[in-house]
Structures are given as structure tokens and as C-alpha cells.
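Chemist: Please see the structure below; I have some questions.
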Amino acid sequence: MNIPSQLNYWYSKNKRTLPWRNSPTPYNIWLSEMIMQQTRIAQGLPYYLKFKEVFPTVEMLAEAHERDVMQLWQGLGYYRRARNLHHAAKQVVHEMDGRFPGTYKELLQLKGVGPYSAAAIASICYNEPVPVVDGNVFRFLSRLFGIDTPVDTSLGKRIFYEQAAAILDHENPGDFNQAMMEFGALVCTPAQPGCKDCPFSEVCVALRTGAVDQYPVKSKRTKATPLYLNSVVVQTSRGLMLQQRPETGIWAGLYGFPTLETSTKPDQRTLSDFCEQLGLPEPNKEKRIGPFSHQLTHRSIEAHFWVFNEPPARVKDYTWVSNKKEISNFGLPRLFERFVDKYIFGTREKPVPSANE
DNA sequence: TACCCGTGGGA
DNA sequence: TTCCCAAGGGT
Numbered sequence: 001m002n003i004p005s006q007l008n009y010w011y012s013k014n015k016r017t018l019p020w021r022n023s024p025t026p027y028n029i030w031l032s033e034m035i036m037q038q039t040r041i042a043q044g045l046p047y048y049l050k051f052k053e054v055f056p057t058v059e060m061l062a063e064a065h066e067r068d069v070m071q072l073w074q075g076l077g078y079y080r081r082a083r084n085l086h087h088a089a090k091q092v093v094h095e096m097d098g099r100f101p102g103t104y105k106e107l108l109q110l111k112g113v114g115p116y117s118a119a120a121i122a123s124i125c126y127n128e129p130v131p132v133v134d135g136n137v138f139r140f141l142s143r144l145f146g147i148d149t150p151v152d153t154s155l156g157k158r159i160f161y162e163q164a165a166a167i168l169d170h171e172n173p174g175d176f177n178q179a180m181m182e183f184g185a186l187v188c189t190p191a192q193p194g195c196k197d198c199p200f201s202e203v204c205v206a207l208r209t210g211a212v213d214q215y216p217v218k219s220k221r222t223k224a225t226p227l228y229l230n231s232v233v234v235q236t237s238r239g240l241m242l243q244q245r246p247e248t249g250i251w252a253g254l255y256g257f258p259t260l261e262t263s264t265k266p267d268q269r270t271l272s273d274f275c276e277q278l279g280l281p282e283p284n285k286e287k288r289i290g291p292f293s294h295q296l297t298h299r300s301i302e303a304h305f306w307v308f309n310e311p312p313a314r315v316k317d318y319t320w321v322s323n324k325k326e327i328s329n330f331g332l333p334r335l336f337e338r339f340v341d342k343y344i345f346g347t348r349e350k351p352v353p354s355a356n357e
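FYI, this note's numbering numbers position 75 of the first sequence as 75, with every residue one higher than the one before it.
Right under this line is the structure:
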């Protein structure tokens, strides 16, 4: 069986119409790849459309304020990507004469562009014959050839890269790479794959051995560790106090509240010390809202909010917002956004008391 | 190399 | 409820 021709045929019949496929310019493909990393199409698509609307060109993105880029990225997660996106746009405009790098190797110079994204851009935009190996390709190839080397190892990455290179369609690498990813996303899916109508069902090793659900093999499984957040919410006549989060760590660069972050549940003394450092009075039960649970890939968060109505004496680098419209200029993590939406600037002024809150 | 970094949907 | 995982890259 000729795998590339089968794939390309399937792709021509079944590919989704996606906005960046209509005009596969380097800017469009790059933007889509940055947004879609570790993200489902359905989740990232609205963000792609927003970015294209607000920043139609790489020049406009490069000239933007970082806060506006972060705000537009709000809710998409992996916020370092937004900073890298902005940084790379400035690289293209200021260091590369406004032109995107023209080869796989040169594309790797862009912040946030790794082996996967560089291969995708180079093959789709420049027809450069470099294989793309993403989560879809790992899954498809591991099942098709019965490769049981763990994909999350350096050996695994090398083996899958070589396998993808071996079957790569050099005549049309861009379509071939997209076909593999699209096939993995639509047919060779993680759960309940469409083996019944799969064009490779007669040659698929995993299907023949009845082990489709055992591929791809992964060696490690990171467990989410507990994280306790205690946030200080200051609401006075000046409005709501916001503070930009640190450059590193969870929700880097986004806006939020001064927050005590601990791996174990803090005692009352630790909490009052934290408030004391900010020049705030004792946090007592009447000020507390929570707990809220919030799940990240690698963290299980328990969050509490402590609401104060007096200005803190010793908080630096803060800003005030007084209504929903003003806060929409700042990117907030979902956890904070939901809290603000419900308890601070909620459309329902007074939340209906319930036993759960 | 190992670990860090979000969110939402589905089983 | 809990877990998996999705067009990965940075450090």
C-alpha cells in the first residue's frame, strides 16, 4: 500500500475548511501554529480569528502593547506563548526586515517556534520536505506500524521522526504533513478511533493485534500536585486593585490579586503575616470567599479570596479598575476572571445565597 | 533530561 | 469525580 497517496486522497476528500488554509501565508500559518499548540481547533479557532482581526499583519502585532496581546490571549492558557508570539513578531519586523525566515532551520530562531512548528511552517508555506511530528502523528504512526517505543523519550522522538521522514511525500510535503495531522485528529483519534472506515485498516498493526487502545505508549504520567492560593481582593471607592503576576510561574504576566501560594494549606498565622506585609488588617472569616477548586494539568488548586475594603499600605505596582469594561483591558486567569465575574462585577449584583457558597 | 506551563471537553 | 489529552516549547 502506498501510504502517502492514500493519505493525500483521504485528505482531499475530508479536510476541514480552516481560515488559515484559505491563505497559507507564513504569518497566518505561524499564528495558527502558535495558537494551536496543545490546543483543540474548536478551542483555538476563535482566538485565531480575534488575532487576525486585531493584528492583520505581523507589523501590527509587533507594534502592539504586551498587555493587549495578553488580554487577547486570555482564557487560552499557556500564557508564555503569548509573550513568545509578541517577541517573535518583533524579531521578524525589527531583525529580519519584516520577512519571515524562509527555511526550517532559520524558523527555529523565532521565539516559541520549535521543531514541530518550524517543520509545519516550512513544509506548508515553502514546500520544504521536512516531516512534522506532533501528537497526532505519534498516535497514527505508532498504531499503523505498531511502534511501542514510548513517545515521550528522546529515542522515541528520533524513531518517530525517522519513520515520518521515511514516508514523507517529497512532492507535496505540506499537504502530506497536514494530512497526517488531520487524519490523526479526525479518524485515528485517542478514544474510539474510526477503525471501521479507516483506509489503513488492513495494514494497521495495532488493529490487527487488537491493541489500538494501547498506542501510543507513554512512559511517564505526571500527577497534579496540590497548590493553595490565598488571594487578597481589595475593593474600595477607587475600584478593584489588580497586580501583574510575576514573569515566571503559574499565569506568568497575567493580572490578578496579590496571592499567597503554598504547597500545603497555610495556617492562620501565615495568612495574617501575608496580609501584614501588604499593610492590611487581620484576615478573618467574614472576609473569606471560597474555597474554589481549579484544575490545571499539573496542579490541583484550592483557592480562597479575602476581601478588604480599605487600601493596603504597602502594595507596589498595582492598578485600579472600577468596572467590567475596564477590567476587560487586562488578561486574567480563568480562576480570577470567574471570581470577579461572580462576586465583584457580576451582572447579578447580589449572588443568591446558597448552601454551597 | 525532567519539569514547568492552562483550559475545556469527553469518557 | 477524576483522569486523559489536545497542531509543543522553554529552561
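Glycine included, every Cβ here is placed at the ideal spot set by N, Cα and C.
Computed from a prediction, not measured in an experiment: that's the story for all the values here.
If we ignore side chains and look at the alpha-carbon of each, how far apart do F336 and G256 end up?
Modeler: Within the first sequence, numbered from 1, the residue matching residue 336 stands at position 336. Within the first sequence, numbered from 1, the residue matching residue 256 stands at position 256. If I take the Cα positions, the gap works out to 7 angstroms.
Chemist: Can you tell which of R334, G346 and D341 has its C-alpha closest to the C-alpha of Y79?
Modeler: Counting from one through the first sequence, the residue named residue 79 turns up at place 79. Here the closest residue by C-alpha is R334.
Chemist: Do you know how far the Cα of V321 is from the Cα of P311?
Modeler: In the first sequence, residue 311 corresponds to position 311, counting from 1. In the first sequence, residue 321 corresponds to position 321, counting from 1. Each residue's Cα considered, the two are about 14 angstroms apart.
Chemist: Give the straight-line distance between the Cα atoms of Y161 and A82, rounded to the nearest whole angstrom.
Modeler: Stepping through the first sequence from its first residue, residue 161 is reached at position 161. Stepping through the first sequence from its first residue, residue 82 is reached at position 82. Their Cα atoms are separated by approximately 28 angstroms.
Chemist: Between the alpha carbons of Q268 and E276, how many angstroms are there, rounded?
Modeler: In the first sequence, the residue the question calls residue 268 occupies position 268. In the first sequence, the residue the question calls residue 276 occupies position 276. For Q268 and E276, the distance between alpha carbons rounds to 12 angstroms.
Chemist: Please report the distance separating the alpha-carbon of Y11 from that of W251.
Modeler: Within the first sequence, numbered from 1, the residue matching residue 11 stands at position 11. Within the first sequence, numbered from 1, the residue matching residue 251 stands at position 251. Those two C-alpha atoms are separated by around 37 angstroms.
Chemist: Return the residue from the list P56, N28 and V69 that minimises the CA-CA distance to K332.
Modeler: The residue you call residue 332 lines up with position 332 of the first sequence. The question names Lys, but residue 332 in the sequence shown is Leu. Of P56, N28 and V69, the residue nearest in Cα terms is V69.
Chemist: Could you give the residue range of the alpha helix (DSSP H) that holds H87?
Modeler: Residue 87 sits at position 87 when you count from the first residue of the first sequence. Unbroken alpha helix (DSSP H) run through H87: R80 to E95.
Chemist: Along the chain, where does the beta strand (DSSP E) that runs through V203 open and close?
Modeler: Indexing the first sequence from 1 puts residue 203 at position 203. It is not in any beta strand (DSSP E) - V203 carries neither H nor E in the DSSP assignment.
Chemist: Report the residue from L227, L61 and S142 whose alpha carbon sits nearest the alpha carbon of H87.
Modeler: Within the first sequence, residue 87 is the residue found at index 87, counting from 1. Checked all of L227, L61 and S142; the closest Cα to H87 is L61.
Chemist: Taking 8 angstroms as the threshold, find out whether the region 239 to 247 comes into contact with the region 303 to 317 through three or more Cβ pairs.
Modeler: Result yes; three or more Cβ-Cβ pairs closer than 8 angstroms.
Chemist: Cα separation between E357 and R288?
Modeler: Taking the first residue of the first sequence as position 1, residue 357 is located at position 357. Taking the first residue of the first sequence as position 1, residue 288 is located at position 288. Bear in mind that a pLDDT of 31 at E357, under 50, signals an unreliable position, so the number given afterwards is only what the model happens to contain. Those two C-alpha atoms are separated by around 11 angstroms.
Chemist: By the three-class DSSP mapping on this structure, what secondary structure does S231 have?
Modeler: By 1-based counting over the first sequence, the position of residue 231 is 231. Note: S231 maps to strand in three-state DSSP.
Chemist: Under 8 angstroms: do the region 91 to 98 and the region 49 to 64 share three or more Cβ pairs, one atom per stretch?
Modeler: The region 91 to 98, when compared against the region 49 to 64, does touch it at the 8 angstroms Cβ threshold.
Chemist: If L85 sits next to M34, beta carbons under 8 angstroms apart, how far is it from one beta carbon to the other, in whole angstroms?
Modeler: Residue numbering aside, residue 85 sits at position 85 when the first sequence is read from its first letter. Residue numbering aside, residue 34 sits at position 34 when the first sequence is read from its first letter. With a Cβ gap of about 5 angstroms, L85 and M34 count as contacting.
Chemist: Take F292 as the anchor and find which of N14, L271, S328 and L227 has the nearest alpha-carbon.
Modeler: Taking the first sequence and counting its residues from 1, the one referred to as residue 292 is at position 292. The candidate whose alpha carbon is nearest that of F292 is L227.
Chemist: From which residue to which residue does the beta strand (DSSP E) around M1 run?
Modeler: Reading the first sequence from its first residue, position 1 is the one you call residue 1. M1 -> no beta strand (DSSP E), and no H or E assigned at all.
Chemist: Can you list, in chain order, the residues of its chain whose CB lies under 8 angstroms from that of K15, leaving out five sequence neighbours each side?
Modeler: On the first sequence, position 15 is the one that residue 15 refers to. Cβ neighbours of K15 beyond the five flanking positions: R21, Q178, A179 and E182.
Chemist: With a 10 Å radius around its C-beta and 16 neighbouring C-beta atoms as the bar for buried, classify A164 as buried or exposed.
Modeler: Numbered from its first residue, the first sequence carries residue 164 at position 164. By the 10 Å Cβ count, A164 comes out buried.
Chemist: Taking buried to mean at least 16 other C-beta atoms within 10 Å of its own C-beta, is N28 buried or exposed?
Modeler: Residue 28 sits at position 28 when you count from the first residue of the first sequence. Buried, by the Cβ-count rule.
Chemist: Considering only residues of the region 82 to 163, which uninterrupted alpha helix (DSSP H) runs meet the minimum length of 4 residues and lie entirely inside it, listed in chain order?
Modeler: 104 to 107, 115 to 126 and 135 to 145, all fully within the region 82 to 163.
Chemist: On the DSSP letters alone, give me the boundaries of the beta strand (DSSP E) that Q295 sits inside.
Modeler: As a first step, residue 295 is located in the first sequence; it is residue number 295 there, counting from the start. Counting along the chain, the beta strand (DSSP E) containing Q295 begins and ends at R288 to Q295.
Chemist: Which class does Y318 belong to by DSSP, given the choice of helix, strand or coil?
Modeler: Position 318 of the first sequence holds residue 318. Y318: strand per DSSP, three-state reduction.
Chemist: Using 8 angstroms as the cut-off, can you tell me whether the region 121 to 130 makes contact with the region 139 to 149, which would need three or more C-beta pairs spanning the two stretches below that distance?
Modeler: With the cut-off at 8 angstroms, the region 121 to 130 and the region 139 to 149 do not touch.
Chemist: Identify, in the order they occur along the chain, each residue of the same chain with its Cβ nearer than 8 angstroms to the Cβ of T264, setting aside the five sequence neighbours on each side.
Modeler: Counted from its first residue, the first sequence places residue 264 at position 264. Around T264: P226 and Y228.
Chemist: Along the chain, where does the alpha helix (DSSP H) that runs through F176 open and close?
Modeler: The residue labelled residue 176 in the question sits at position 176 within the first sequence. Element bounds for F176: P173 to L186.
Chemist: Hey, how far is the Cα of L168 from the Cα of V217?
Modeler: Here the question's residue 168 lines up with position 168 in the first sequence. Here the question's residue 217 lines up with position 217 in the first sequence. Roughly 23 angstroms separates the two Cα atoms.
Chemist: Assign G249 to one of three DSSP states: helix, strand, or coil.
Modeler: Along the first sequence, read from residue 1 onward, the residue named residue 249 stands at position 249. DSSP places G249 in coil when its eight states are reduced to three.
Chemist: Beta-carbon within less than 7 angstroms of A122's beta-carbon, same chain only, minus the 5 sequence neighbours each way: which residues are those?
Modeler: Translated into the one-based positions of the first sequence, residue 122 becomes position 122. Counting only Cβ-Cβ distances below 7 angstroms, and skipping sequence neighbours, we find T103, Y104, L107, E128 and V130.
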